[in-house]
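Asker: Each residue of the sequence shown is one higher than the one before, counting from 51 in our numbering.
We treat Cβ as the ideally placed atom computed from N, Cα and C, and that holds for glycine.
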Amino acid sequence: MKIQLTIFILALSFHLSAQQWISDSKCNSDSAKIINDAISHLVNIEQLVAVGMAKAVMISDKKCECAKLVLAAASSGNQNFGSRKEKLSEVNIKKLSAEEKAWYDLLVATTTEEEEDWSETYSRAIAEFPNSALINWFSTSREDWSTYINFAKKFPANAAAAYNMLAYAHAYGEIGNGPDYEAAFASLDKLETLHVGPNSYDSRAEIAAMKGDYEMALDNQLKAFDYATSSSPYQYNLPVYWRKVNESEVSNGLIEAQKNMQNAILEGSIEEFSKYISDEFGLVTGDSNLGDFYTFSTDNITQGQNYTWNSFELRDFETHFSPDMRTVILTFYASGSYTFTDSSEEVSYSTRASSVWIATDQGWKCAHANWAPYKTGIGIPN
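(1) From Glu-136 to Tyr-154, what does the alpha carbon distance come to, in whole angstroms?
(2) Taking the alpha-carbon positions, what's the Arg-365 to Tyr-383 distance?
(3) Buried or exposed for Lys-415, please, with buried defined as at least 16 other CB atoms from any protein chain shown within 10 angstroms of its CB.
(4) Which class does Val-141 belong to by DSSP, given the choice of helix, strand or coil?
(5) Pick from Glu-232, Val-99 and Lys-273: whose alpha carbon is nearest that of Asp-252?
(6) So, at 6 angstroms on beta carbons, what are the nonlocal neighbours of Tyr-213 in its own chain, with the 5 sequence-adjacent residues on each side left out?
(7) So, with DSSP's three-state summary, where would you put Leu-119?
(8) From the DSSP output, in three-state form, read off Val-397 for me.
(9) Within 10 angstroms of its Cβ, does Phe-343 collect 16 or more other Cβ (buried), or is it exposed?
(10) Over the uninterrupted alpha helix (DSSP H) stretch that includes Val-158, give me the two end residues.
(11) Are the stretch 253–273 and the stretch 286–296 touching by the rule of at least three beta carbon pairs closer than 8 angstroms?
(12) Buried or exposed: Gly-247, going by 16 or more other Cβ atoms within 10 Å of its Cβ?
(13) For Thr-401, tell me which candidate among Gln-69, Ala-417, Asn-356 and Ile-430 has the shortest Cα-Cα distance.
(14) For Asn-471, count neighbouring Cβ atoms within 10 angstroms of its own Cβ and tell me buried if that reaches 16, exposed if not.
(15) Which residue comes first and which comes last in the alpha helix (DSSP H) that contains Gly-102?
(16) Just to confirm my understanding: we take Gly-132, look at its own chain, exclude 5 residues before and 5 after, and list those with CB closer than 8 angstroms. What are they?
(17) Do Thr-358 and Tyr-388 have their beta-carbon atoms positioned less than 8 angstroms apart in this structure?
(18) Where does Trp-421 land, buried or exposed, given buried means 16+ other C-beta within 10 angstroms?
(19) Spell out whether any CB of chain D is found under 8 angstroms from the CB atom of Glu-232.
(20) If you draw a straight line from the alpha carbon of Asn-94 to that of Gly-332, how long is it in whole angstroms?
(21) On the DSSP letters alone, give me the boundaries of the beta strand (DSSP E) that Lys-76 sits inside.
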């Protein structure tokens, strides 16, 4: 197993990028190459890839303490729930090179809440290693987009992550006189000549969505998701873009679901009705008799009532999507008539209604419905 792992790591090292983040490392030469590539994934917001590479190095090269720095950098420095401080405590600083120790000190400074500690630590690090790409990366900030431009000029071989940030700056209109999607995509083109990873596809998808090109967004999000599908962080936006591209189809499906659910209630079909509600949250309903809100369940379907429906029709639907395409409000109207069992009196029914549908792992489920008499119309009896 050890031999197989070593062969894997050696093979991996032949495919690594030329980006050099730490020039002075105490790891062996092959491990140092992998760690530099792991840092490339780290700064390009591909932390899970970086973690996997660092853990592989830790197995094959017990003396590579820098791998532990990658794990710490990928972790959260939050005082309440982060583990960065704990992971840094496991680093044997005596086995770090001077440049690695400077990175270690910067990571330690991120686990405190003292801004002065960070500033002093960074000043010492940049003074000692003015030409270190990694140390200089800590000087970049979204509060000043020019820091990414300056980094790309000084370290063109390490500029992939800078181009990613500049792509967003162009898309947001933070550079120039407004959003410039052509410049944004050009920045991503430059990124992809320097670094191979899923984040460029994710960024291209997000910026395409900002532009309103959801077919391009979906295509690129699928490429990001394909990089590693299991528990992928790139899965979240996939259904959003798919629904944007297929909005009409989704709308028609929800309208049909609303009609089917209502027919199931009228016909007393518990099995059919259950398809449209969730076990995780109830269906909160306000009836057209303007009584109190309550949770409608399968128990309500079997309850007796003192009237019989003659006709019931839903019409004039409008679909209103939330920005993230995960919640939909349907507005519609209902008309028909019912007859009281005791008196045989027939009543014309006319209401306006709305319902809220939420996308779940089990499909769209109805979470809320509200019915009210339409203008001079009449709802159901009390």
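Answerer: A quick look at the data gives this:
(1) Taking the first residue of the sequence shown as 1, we reach residue 136 at position 86. Taking the first residue of the sequence shown as 1, we reach residue 154 at position 104. Using only the alpha carbons, I get a separation of about 13 angstroms.
(2) Along the sequence shown, read from residue 1 onward, the residue named residue 365 stands at position 315. Along the sequence shown, read from residue 1 onward, the residue named residue 383 stands at position 333. So the alpha carbons of these two residues sit roughly 5 angstroms apart.
(3) Locating residue 415 in the sequence shown gives position 365, counting from the first residue. Result: buried.
(4) If you number the sequence shown from 1, residue 141 lands on position 91. Reduced to three states, the DSSP call for Val-141 is coil.
(5) Here residue 252 is taken as the residue at index 202 of the sequence shown, counted from 1. Among Glu-232, Val-99 and Lys-273, the Cα nearest to that of Asp-252 belongs to Lys-273.
(6) Indexing the sequence shown from 1 puts residue 213 at position 163. If we look at Tyr-213 and ignore the five residues flanking it on each side, its Cβ neighbours are Ser-237, Lys-240 and Leu-241.
(7) Residue mapping note: residue 119 aligns to position 69 of the sequence shown, counting from 1. Helix at Leu-119.
(8) As a working note, residue 397 is residue 347 in the sequence shown. Here Val-397 sits in strand by DSSP.
(9) The count along the sequence shown starts at 1 and reaches residue 343 at position 293. With fewer than 16 other Cβ atoms within 10 Å, it is exposed.
(10) Within the sequence shown, the letter at position 108 stands for residue 158. It spans 148–159 - the alpha helix (DSSP H) in which Val-158 sits, taken as one unbroken run.
(11) yes
(12) In the sequence shown, the residue the question calls residue 247 occupies position 197. Gly-247 comes out buried.
(13) To locate residue 401, count along the sequence shown from 1; it is residue 351. Measuring from the Cα of Thr-401, the nearest candidate turns out to be Ile-430.
(14) Past the edges of the chain, shown from 51 to 432, lies residue 471, and the structure says nothing about it.
(15) The residue you call residue 102 lines up with position 52 of the sequence shown. Per DSSP, Gly-102 belongs to the alpha helix (DSSP H) from 97–110.
(16) Position 82 of the sequence shown, counted from the first residue, corresponds to residue 132. Excluding residues within five positions, the ones whose Cβ falls inside 8 angstroms are Ser-125, Ser-126 and Thr-161.
(17) For this step, residue 388 is matched to residue 338 along the sequence shown. For this step, residue 358 is matched to residue 308 along the sequence shown. Yes.
(18) In the sequence shown, counting from the first residue as 1, residue 421 sits at position 371. Buried, because 16 or more other Cβ atoms sit within 10 Å of the Cβ of Trp-421.
(19) Judged by its chain identifiers, the structure shown contains no chain D, having just a single protein chain.
(20) Taking the first residue of the sequence shown as 1, we reach residue 94 at position 44. Taking the first residue of the sequence shown as 1, we reach residue 332 at position 282. Answer to the nearest angstrom: the Cα atoms are 41 angstroms apart.
(21) Within the sequence shown, the letter at position 26 stands for residue 76. Note, Lys-76: premise wrong, no beta strand (DSSP E); not H, not E.
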